[in-house]
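The structure under discussion appears below in the form of structure tokens.
Numbering (UniProt numbering), first residue to last: 1 to 520.
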């Protein structure tokens with residue numbers, strides 16, 4: 001079904017985007033084109049037809065009143081809706097006297113009010129959509145991968161759908177550095193940012209150079225600039241540099257985010273330009289480890305070689321053991337796992353799978369609920385940078401450790417709970433009941449009695465169990481010498497460690513290691 005076509009002119013990008021957002025799901029109206037100044041819209045209207053014009057009254061160069069007069073010279077009967085930031089009746093009346101069909105006040109603008117005014121103008125002027133296609137000749141956006149090929153682009157040119165020269169082409173790859181937040185729909189947020197950047201590119205380039213933009217499924221923008229009439233290499237390079245500089249500054253100022261840009265070479269034909277552009281898009285994936293907010297040249301950029309292996313099984317065994325025993329050393333294990341992935345340069349798919357497996361383990365241990373896990377997985381699917389994955393997993397571990405502590409507080413009285421937490425943080429240090437009594441401000445005798453009453457074990461017995469658990473965790477990992485394990489578990493010497501370990505586990509450390517390896 002054909003829609004009523006609207007052209008929007010307003011020097012404020014946010015105002016244009018608000019109106020476009022309100023109309024994006026309308027079955028009656030669509031924004032055919034939008035402009036930041038009167039000169040650009042007049043040039044467009046000389047070549048194209050529209051049904052309704054929405055016009056801001058306060059703009060530089062040509063204000064709304066002057067623009068309406070010029071518009072009605074081109075199309076005498078085109079309905080113009082005045083958009084005003086003022087609610088002074090005399091100002092609004094002035095716009096109506098000069099030919100406005102209706103008006104909207106910016107500070108009162110809502111989706112309902114916009115549609116109401118559009119409906120009034122449609123009914124008054126008896127507007128019926130003609131179903132005609134409208135193209136912005138020097139700017140064309142491609143959304144399907146199959147359409148971004150030399151053959152398809154050449155066909156668009158031959159059919160007159162786009163004014164694009166197939167020589168002196170410069171490709172650029174642009175990736176917004178999305179700042180995702182909890183509670184924000186990531187799909188809508190990314191769409192809004194991408195649409196705003198497309199608008200900025202349209203306003204910067206205007207009618208200066210023909211261009212094509214391929215919007216990829218990963219929300220990257222591949223821009224092909226055509227300098228078909230130019231012969232100066234220096235001019236083309238400077239124009240490319242100025243474009244990137246302006247775009248970067250506008251994105252920071254207006255969207256409060258940054259972009260990553262890869263600049264391509266100048267190509268004499270469409271085939272080589274498209275080929276390089278697709279390689280540049282692949283190179284944007286290196287943002288995973290190199291981060292965003294970078295501008296680089298494709299000619300000197302070296303891509304990352306990704307690792308497609310998996311995390312060693314010992315990591316998972318150790319983490320599972322620590323979570324089962326509510327050991328706060330699980331945080332150290334997670335740090336090691338994250339460090340391993342970063343050092344090896346895991347590919348994005350492997351990073352996502354590994355982080356998902358960590359969340360599954362947290363759920364299996366009763367630490368994370370199904371909904372929390374699914375919500376976290378959903379937002380991680382949108383991540384592009386490794387630091388985002390790291391922060392998300394560490395945040396989940398933080399809450400896991402907090403749950404350990406809350407459970408401990410509910411299970412034990414305050415002094416005993418405080419001592420158990422102290423042991424967990426200082427397992428490798430010299431710990432005694434005397435030191436703990438001093439720490440909690442209690443007498444040695446009282447604390448000893450309460451500790452046995454609360455835990456069912458004497459203090460030294462409990463401490464040795466915790467230290468043996470620490471040793472078992474390190475033995476499961478299997479990448480440390482026995483001397484290191486003894487020291488990191490807080491035992492004074494190997495003989496005492498050997499004696500305590502066998503008393504508690506019924507086997508020697510070596511036998512435990514052999515048994516664990518046979519079960520792996």
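All C-beta atoms, glycine included, are put in the ideal place defined by N, C-alpha and C.
Helix, strand or coil for residue i per DSSP?
i           : result
residue 389 : helix
residue 5   : strand
residue 171 : strand
residue 135 : Here the model assigns residue 135 a pLDDT of 43, short of 50, so the residue's position is not dependable, and the following value carries that caveat. In this structure, residue 135 counts as coil in the three-state DSSP scheme.
residue 577 : Any answer about residue 577 is impossible in this case: the structure gives the chain only from 1 up to 520.
residue 252 : helix
residue 347 : coil
residue 180 : coil
residue 14  : helix
residue 25  : coil
residue 163 : coil
residue 37  : coil
residue 327 : coil
residue 102 : strand
residue 142 : strand
residue 30  : strand
residue 512 : helix
residue 320 : helix
residue 295 : strand
Confirm, please, whether the CB-CB distance from residue j to residue i is below 8 Å.
i           : j           : result
residue 270 : residue 186 : no
residue 182 : residue 210 : no
residue 51  : residue 111 : no
residue 42  : residue 8   : no
residue 83  : residue 57  : yes
residue 220 : residue 281 : yes
residue 196 : residue 13  : yes
residue 467 : residue 318 : no
residue 431 : residue 393 : no
residue 213 : residue 225 : no
residue 338 : residue 330 : no
residue 307 : residue 351 : no
residue 278 : residue 303 : no
residue 115 : residue 19  : no
residue 65  : residue 71  : no
residue 454 : residue 412 : yes
residue 29  : residue 118 : yes
residue 433 : residue 448 : yes
Classify residue i as buried or exposed, calling it buried when 16 or more other Cβ atoms lie within 10 Å of its own Cβ.
i           : result
residue 170 : buried
residue 369 : exposed
residue 343 : exposed
residue 489 : buried
residue 250 : buried
residue 321 : buried
residue 38  : buried
residue 378 : exposed
residue 375 : exposed
residue 286 : buried
residue 410 : exposed
residue 267 : buried
residue 33  : buried
residue 16  : buried
residue 260 : buried
residue 140 : buried
residue 31  : buried
residue 76  : exposed
residue 235 : exposed
residue 511 : exposed
residue 128 : exposed
Which residues bound the alpha helix (DSSP H) around residue i?
i           : result
residue 311 : Unbroken run through residue 311: none, as it is neither H nor E.
residue 507 : Per DSSP, residue 507 belongs to no alpha helix (DSSP H) and is neither H nor E.
residue 443 : Looking at the DSSP string, residue 443 is not in any alpha helix (DSSP H), and its letter there is neither H nor E.
residue 371 : 370–380
Considering residue i, what are the terminal residues of the beta strand (DSSP E) in which it resides?
i           : result
residue 259 : 258–263
residue 82  : 80–84
residue 211 : 211–215
residue 480 : Note, residue 480: premise wrong, no beta strand (DSSP E); not H, not E.
residue 226 : 221–226
residue 197 : It is not in any beta strand (DSSP E) - residue 197 instead sits in the alpha helix (DSSP H) that spans 186–205.
Could you check if residue i belongs to the surroundings of the ligand HEM, using beta carbon to heavy atom distance under 7 Å?
i          : result
residue 53 : This structure lacks the ligand HEM, and indeed carries no ligand of any kind.
Closest Cβ-Cβ distance between residue i and chain B: below 8 Å?
i          : result
residue 36 : Looking at the structure shown, chain B is missing, and only one protein chain is on hand.
- prompt: Using 8 Å as the threshold, is the stretch 409–427 in touch with the stretch 377–391, meaning 3 or more CB pairs across them?
  reply: no
- request: Could you say if the stretch 362–378 and the stretch 396–405 meet the contact criterion of at least three C-beta pairs nearer than 8 Å?
  value: yes
message: Pairs of beta-carbons, one from the stretch 489–505 and one from the stretch 461–475, closer than 8 Å: are there three or more?
response: yes
query: On the three-pair Cβ rule with 8 Å, is the stretch 500–510 touching the stretch 448–467?
result: yes
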